[in-house]
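Undergrad:
2 protein chains.
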Amino acid sequence: MARKSKTQSDRPTLVDVAREAGVSAITVSRTIRSPDIVSERARNKVEEAIRKLGYTPDPAASALASRSTSTIGLLVPSLTNNVFADVLRGVYEGVEGTRFFVQIGNYRYSALSEEGLIRNFLSQRPAGLIVSSMDQTPAGRKLLEEAPCPVVQIMETSPGAVDMSVGFDQLEAVRAAARHVAECGYRRPGFLSARMDPRAQRRLGAFREEAAANDMLDEARIITTPQPSSVGMGRHLLEQLLARAPDTDAVICNNDDLAVGALMEAIRRNIAVPEQLGICSYNDIEMARHMVPALSAVATPRREIGRRAIAMLLAEIEAPGSVTERHIDLGYELVARESTAPR
Amino acid sequence: MARKSKTQSDRPTLVDVAREAGVSAITVSRTIRSPDIVSERARNKVEEAIRKLGYTPDPAASALASRSTSTIGLLVPSLTNNVFADVLRGVYEGVEGTRFFVQIGNYRYSALSEEGLIRNFLSQRPAGLIVSSMDQTPAGRKLLEEAPCPVVQIMETSPGAVDMSVGFDQLEAVRAAARHVAECGYRRPGFLSARMDPRAQRRLGAFREEAAANDMLDEARIITTPQPSSVGMGRHLLEQLLARAPDTDAVICNNDDLAVGALMEAIRRNIAVPEQLGICSYNDIEMARHMVPALSAVATPRREIGRRAIAMLLAEIEAPGSVTERHIDLGYELVARESTAPR
DNA sequence: ACACAAAATGATTGCGCTGTCATCAGCGCG
DNA sequence: CGCGCTGATGACAGCGCAATCATTTTGTGT
Numbered sequence: 145m146a147r148k149s150k151t152q153s154d155r156p157t158l159v160d161v162a163r164e165a166g167v168s169a170i171t172v173s174r175t176i177r178s179p180d181i182v183s184e185r186a187r188n189k190v191e192e193a194i195r196k197l198g199y200t201p202d203p204a205a206s207a208l209a210s211r212s213t214s215t216i217g218l219l220v221p222s223l224t225n226n227v228f229a230d231v232l233r234g235v236y237e238g239v240e241g242t243r244f245f246v247q248i249g250n251y252r253y254s255a256l257s258e259e260g261l262i263r264n265f266l267s268q269r270p271a272g273l274i275v276s277s278m279d280q281t282p283a284g285r286k287l288l289e290e291a292p293c294p295v296v297q298i299m300e301t302s303p304g305a306v307d308m309s310v311g312f313d314q315l316e317a318v319r320a321a322a323r324h325v326a327e328c329g330y331r332r333p334g335f336l337s338a339r340m341d342p343r344a345q346r347r348l349g350a351f352r353e354e355a356a357a358n359d360m361l362d363e364a365r366i367i368t369t370p371q372p373s374s375v376g377m378g379r380h381l382l383e384q385l386l387a388r389a390p391d392t393d394a395v396i397c398n399n400d401d402l403a404v405g406a407l408m409e410a411i412r413r414n415i416a417v418p419e420q421l422g423i424c425s426y427n428d429i430e431m432a433r434h435m436v437p438a439l440s441a442v443a444t445p446r447r448e449i450g451r452r453a454i455a456m457l458l459a460e461i462e463a464p465g466s467v468t469e470r471h472i473d474l475g476y477e478l479v480a481r482e483s484t485a486p487r
Numbered sequence: 145m146a147r148k149s150k151t152q153s154d155r156p157t158l159v160d161v162a163r164e165a166g167v168s169a170i171t172v173s174r175t176i177r178s179p180d181i182v183s184e185r186a187r188n189k190v191e192e193a194i195r196k197l198g199y200t201p202d203p204a205a206s207a208l209a210s211r212s213t214s215t216i217g218l219l220v221p222s223l224t225n226n227v228f229a230d231v232l233r234g235v236y237e238g239v240e241g242t243r244f245f246v247q248i249g250n251y252r253y254s255a256l257s258e259e260g261l262i263r264n265f266l267s268q269r270p271a272g273l274i275v276s277s278m279d280q281t282p283a284g285r286k287l288l289e290e291a292p293c294p295v296v297q298i299m300e301t302s303p304g305a306v307d308m309s310v311g312f313d314q315l316e317a318v319r320a321a322a323r324h325v326a327e328c329g330y331r332r333p334g335f336l337s338a339r340m341d342p343r344a345q346r347r348l349g350a351f352r353e354e355a356a357a358n359d360m361l362d363e364a365r366i367i368t369t370p371q372p373s374s375v376g377m378g379r380h381l382l383e384q385l386l387a388r389a390p391d392t393d394a395v396i397c398n399n400d401d402l403a404v405g406a407l408m409e410a411i412r413r414n415i416a417v418p419e420q421l422g423i424c425s426y427n428d429i430e431m432a433r434h435m436v437p438a439l440s441a442v443a444t445p446r447r448e449i450g451r452r453a454i455a456m457l458l459a460e461i462e463a464p465g466s467v468t469e470r471h472i473d474l475g476y477e478l479v480a481r482e483s484t485a486p487r
């Protein structure tokens, strides 16, 4: 207990390094955190000692003393969803090589557990937070507003963002899909959607508006399920759609899984795509373009969202207030391929 | 500086709660960590005080004092790969509701950066570690052997596992695929593989053996690339294969992306699957069974691997040495569907 | 050579919690 | 009625680092 740490079988500490290098502990701390304010002589000695002892800083002690960590919290509603898998990749690309690391919280599309996770993350004094929606509970929102760290909300555009945001106009993107289908000459489009979280609801709303504007809204052609999205679900939903409205001539799918599933179901039934049935997907993951026929889709910048979110966060962490462009709209792109065609 | 923490604008501490509840700080600590050794009276008072003050423990202080965290490190070679996405889901399912949380490290199929990540994670005093291979550098392996926490190696079966392991026999699984193709009567099978990490290499080796045993090994039909796997890559590799060996009558793909890509390329070229070309996939992600034709595949227990790995880890953390079954073989399953058929 | 600013370094203290013992109350039992 | 025992509680120190302020060294201009 009273032994000097040197005698402990444990890892070396700052003090051990300091002794080895013949400097004070704080100098060691400084050569690690801001080498430029330490003389070259001292720096060399310290670095040598660190190498010799195999020293690595204890993040817990650092966090306690400095009252902040190198953790960036990332809240996503799902791990299953390909969309967030892509966002995640972008995020990890962005943190790679920095001193930060990411911790993922999955709130499973439950605003309540999202609130819990926010509370939980915040209690860890994170360096920054990325959250995947604007749909927090009032308490959750308040926590974010008062968070002692930068916060980036992703996926959608700014209205109501707490601090910073990166995304695109999801509603406009869906409208673009509906418009595209209408412009191709399809007159009786359906809409398939799984997992009806608030964002999916809003997208459906946007579809309704745009369809109505083109005088082709028919509630019977809107098929949704609260269950998770999957290729199998896409097949199932198309099956339902065709049972309820056999004369449907196009279908907009709320994501790629569903679109692939719908396409496969159409092929099984010998329904010609795009002639008898147009299919337009949402998000455009890599496989969509390789299907036969290749899927038309609204491409969304998922990976880029992750990258930019991290970039903003890091900039703001290094120099609070330095980020001037606090709300980024990355846009979307309608990519017409073979699964829709002018008729 | 000399102010009592009460005056600080900051969050309440253990001491604040203790004062509020009229007990000592350590009692508060105990009611949080092991409520059963605290009298009911004290527990109630403390819980009340915690609620009143909105206290949350500071994990950094806890980690420093107790010399251990609630972090579980998860090292994966890729975030893009669907296989690890599934493992990840299993892992997150497993930690949900526990006091632990997962931190992911992506070593991008580089044993060297894996070593760095191991070092890095270990310096955080994790509660446990999950690593996705047996292919560490010698130094990396040594670190794992001496790790002061339980370690689970996943994906493969035990030979050479450092501590615990969960996986299945990858080589036997590939052999099963080759055998299946042979049993269907295909005589000139090819093999497509992307991202030739050590595991992929070994699988290719197993294919070679089994193919040779069935007298149908032809090096010209083995097409690999160091690049990442994707559906597009699957199309590309099949294209190469057919250019080099047009009489190929079946193809075993090292994962589902490639298989889907190969299938799509075959469809584009009007090659009848399974009649002219049999396709057998590896892993069997959800979409594989929904393709037209449905893909035959060796199904691997990815999600279950994640779940079991966490389960073992948590058991071992709670009671070191309590886990008796330290090497779990979850097996695989050959699922014959439409993309292969007896001829 | 000297004064003075700037740069480099150091001593001290405390972050919030838990490990380790010591203490104390309550209880059954001879 | 006091003994020892168990279960509950507390006092104290220290985990390893960084903030703060004090001190020393170095460099600069005249």
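These protein sequences, in sequence, are chains A and B. Just so we're aligned, residue 145 is where the first sequence starts under my numbering, counting upward by one. Just so we're aligned, residue 145 is where the second sequence starts under my numbering, counting upward by one. Note that CB positions come from ideal geometry on N, CA and C, so glycine has one too.
1. With 16 other CB atoms within 10 Å as the buried threshold, where does S309(B) fall?
2. Taking I423(A) as the reference, give the member of V231(A), A403(A), A463(A) with the closest Cα.
3. On a CA-only basis, which of G304(A), S373(A), G311(A) is nearest L298(A)? Give me that one, please.
4. Counting along the chain, where does the beta strand (DSSP E) carrying P342(B) start and finish?
5. So, for S374(B): in the same chain, excluding its five sequence neighbours on each side, which residues have a beta-carbon less than 6 Å away from its beta-carbon?
6. If you pair each beta-carbon of the region 404-415 of chain A with each one of the region 339-354 of chain A, do three or more pairs fall below 8 Å?
7. Using the beta-carbon of each residue, which ones in chain B are nearer than 7 Å to V404(A)?
8. Since G304(B) meets chain A, which of its residues come closer than 8 Å, beta carbon to beta carbon?
9. Quick one: using the 10 Å Cβ neighbour count with 16 as the cut-off for buried, is Q152(B) buried or exposed?
10. Can you tell which of L232(B), G329(B), N398(B), I429(B) has its C-alpha closest to the C-alpha of G378(B)?
11. Against chain A, which members of the region 446-467 of chain B pass a CB distance test of less than 9 Å?
12. Does chain B have any CB closer than 9 Å to the CB of Y476(A)?
13. So what's M308(A) in DSSP terms, helix, strand or just coil?
14. What residues from the region 295-324 of chain B come within 8 Å of chain A, judged by C-beta to C-beta, listed N to C?
15. Compare the beta carbon distance of E327(A) and D313(A) with 9 Å and say whether it is the shorter of the two.
16. Which whole-angstrom value is the C-beta distance of L478(A) and A321(A), which I expect to be below 8 Å?
17. Opposite F335(B) in the DSSP bridges: which residues?
18. Of all the CB atoms in chain B, is at least one closer than 9 Å to the CB of L232(A)?
19. For I170(B), count neighbouring C-beta atoms within 10 Å of its own C-beta (all shown protein chains included) and say buried if the count is 16 or more, exposed if not.
20. Would you please verify whether the beta carbon of T200(B) is less than 9 Å from any beta carbon of chain A?
21. D391(B): buried (16+ other C-beta within 10 angstroms of its C-beta) or exposed?
22. Assuming V574(B) contacts V239(B) (C-beta within less than 8 Å), just tell me the rounded distance between them.
23. Return the chain-ordered list of same chain residues with a C-beta closer than 6 Å to the C-beta of G475(A), the five sequence neighbours on each side being excluded.
24. What residues from chain A crowd round R379(B), counting only those whose CB sits closer than 9 Å?
25. Taking the DSSP output, what are the residues bridged to G422(A)?
26. Looking at C-alpha atoms only, which residue of L256(B), S168(B), G217(B), V395(B) is the closest neighbour of A441(B)?
27. Does the region 266-280 of chain A touch the region 203-218 of chain A, meaning 3 or more C-beta pairs lie closer than 8 Å?
28. With respect to the alpha helix (DSSP H) encompassing S440(A), which residues constitute its N-terminal and C-terminal limits?
29. How many whole angstroms separate the CB atoms of E289(B) and V306(B), which I take to be in contact at a CB cut-off of 8 Å?
30. Drop a sphere of 10 angstroms on the beta-carbon of P333(B), count the other beta-carbons inside from all chains shown, and report buried for 16 or more, exposed for fewer.
31. Cutting at 8 Å between CB atoms, please list the residues of its own chain near Y253(A), excluding the five before and the five after it.
32. Which same chain residues end up closer than 6 Å to P370(A) when comparing Cβ atoms and leaving out the 5 residues on each side of it in sequence?
33. Relative to the C-alpha of D428(B), which residue among V318(B), T368(B), R388(B), E462(B) is closest?
34. Quick check on the burial criterion: 16 or more other C-beta atoms within 10 angstroms. Buried or exposed for P156(B)?
35. Counting only beta-carbon atoms, is I411(A) nearer than 9 Å to chain B?
36. Across which residues does DSSP place T301(A) in a beta bridge pair?
TA: With the given structure in hand:
1. buried
2. A403(A)
3. Leu is not the amino acid found at residue 298(A); the sequence shown has Ile there. Of G304(A), S373(A), G311(A), the residue nearest in Cα terms is G311(A).
4. Per DSSP, P342(B) belongs to no beta strand (DSSP E); it is in the alpha helix (DSSP H), 342-357.
5. D401
6. no
7. M431
8. Within chain A, no residue comes near G304(B); the closest Cβ sits about 25 Å away, beyond 8 Å.
9. For Q152(B), the pLDDT reaches just 40, beneath the cut-off of 50, and the residue's location in the model is therefore unreliable, although a value from the coordinates is still provided. Q152(B) should be labelled exposed.
10. N398(B)
11. none
12. no
13. strand
14. none
15. no
16. 7 Å
17. I366(B), I396(B)
18. yes
19. exposed
20. yes
21. exposed
22. The structure shown does not extend to residue 574(B), since chain B is modelled only from 145 through 487, so no value can be given for it.
23. F312
24. H434
25. A394(A)
26. V395(B)
27. yes
28. Careful: S440(A) lies outside any alpha helix (DSSP H), inside the beta strand (DSSP E) at 440-443.
29. 5 Å
30. buried
31. P221, S222, R339, D341
32. M340
33. V318(B)
34. buried
35. yes
36. T301(A) pairs with nothing; no bridge assigned.
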